[in-house]
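So the structure is just underneath, and the comments pick up after that.
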Amino acid sequence: MSKIESRLIELGHPLPAVAKPVASYVPSVVSGNLVFTSGQLPFVGGVLAITGKVGEHDGCVAPADANQLAKLCALNALAAVKLAIGDLDRVTRVIKVVGFVASVSDFTGQPAVMNGASEFLVEVFGEIGVHARSAVGVASLPLDSAVEVELIVEFA
72 MSKIESRLIE
82 LGHPLPAVAK
92 PVASYVPSVV
102 SGNLVFTSGQ
112 LPFVGGVLAI
122 TGKVGEHDGC
132 VAPADANQLA
142 KLCALNALAA
152 VKLAIGDLDR
162 VTRVIKVVGF
172 VASVSDFTGQ
182 PAVMNGASEF
192 LVEVFGEIGV
202 HARSAVGVAS
212 LPLDSAVEVE
222 LIVEFA
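To convert a position in the sequence shown, counted from 1, into our numbering, add 71.
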């Protein structure tokens, strides 16, 4: 077992199976020494953990819950990276995280939601997990997911 997978287990987040694509695409693609993941949703055992829009209103997904969903998305993205390169110990740098947050129109806390993914990647990889990032609010996401995350990682 790789050091990174051992670290994930130590953190209480063993690497899941790669989420099955919900449309016509593949989970990850390699170009040169980079892996680009498709957008990953917060699946747990093949089911979305929580659905709906993120916001501060009743009936919305709470920002703190969405933060944890972003972490799940990042975990699923790591499974897609492993599928592409075979071993997460080959990752030399997390280059970029792109996060989408399905939000109500007056919600502006997308960066705090995406901190769930960013902080998790640093916790897993240390310094090589520090990355550039975008956090984008959107009207809706596939399957009514609250969050979606893409990764670009470098590997050797």
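Where is the CB? At the ideal position from N, CA and C, for every residue including glycine.
Using DSSP with H/G/I as helix, E/B as strand and the rest coil, what is residue 196?
Helix at residue 196.
Could you check if residue 221 is buried or exposed, using at least 16 other CB atoms within 10 Å of its CB as the buried criterion?
With 16 or more Cβ atoms within 10 Å of its Cβ, residue 221 is classed as buried.
Mind listing, in chain order, the continuous beta strand (DSSP E) runs of no fewer than 3 residues lying wholly within the region 139-213?
You should have 162-173 and 203-209.
Let's see if you can read the secondary structure: which residues bound the alpha helix (DSSP H) around residue 223?
Counting along the chain, residue 223 falls outside any alpha helix (DSSP H), though it belongs to the beta strand (DSSP E) covering 218-226.
Looking at the structure shown, is residue 109 part of a helix, part of a strand, or coil, going by DSSP?
Coil, per DSSP.
Hey, quick one: how far does the beta strand (DSSP E) through residue 99 stretch, first residue to last?
99-102 is the extent of the beta strand (DSSP E) around residue 99.
Comparing C-alpha positions only, which one of 97, 100, 125 and 84 sits nearest to residue 179?
That would be 125, whose Cα lies nearest to the Cα of residue 179.
Tell me the rounded alpha-carbon separation between residue 227 and residue 158.
Each residue's alpha carbon lies about 10 Å from the other.
Within 10 angstroms of the Cβ of residue 88, are there 16 or more other Cβ atoms? Answer buried if so, exposed if not.
Classification of residue 88: exposed, given that the 10 Å Cβ count is below 16.
With three or more C-beta pairs closer than 8 Å as the rule, is the region 172-189 touching the region 75-88?
Not touching, per the Cβ criterion.
Check residue 82 in the structure and name its three-state DSSP category.
Of the three classes helix, strand and coil, the one that applies to residue 82 here is coil, per DSSP.
Roughly how far, in whole angstroms, is the beta-carbon of residue 170 from the beta-carbon of residue 133, given that I think they are within contact range, below 8 Å?
Actually they are not in contact, since the Cβ atoms of residue 170 and residue 133 sit about 17 Å apart, beyond 8 Å.
Tell me whether residue 133 counts as near the ligand ADP, meaning its Cβ is closer than 7 Å to at least one heavy atom of that ligand.
With respect to the ligand ADP, the structure shown offers nothing to examine, as it has no ligands at all.
Which one of 92, 188 and 116 has the shortest CA to CA distance from residue 144?
It is 188.
Enumerate in chain order the residues of its own chain whose CB-to-CB distance from residue 228 is below 8 Å, with the five nearest sequence positions on each side excluded.
With the chain represented from 72 up to 227, any question about residue 228 goes unanswered, as that position is not in the structure.
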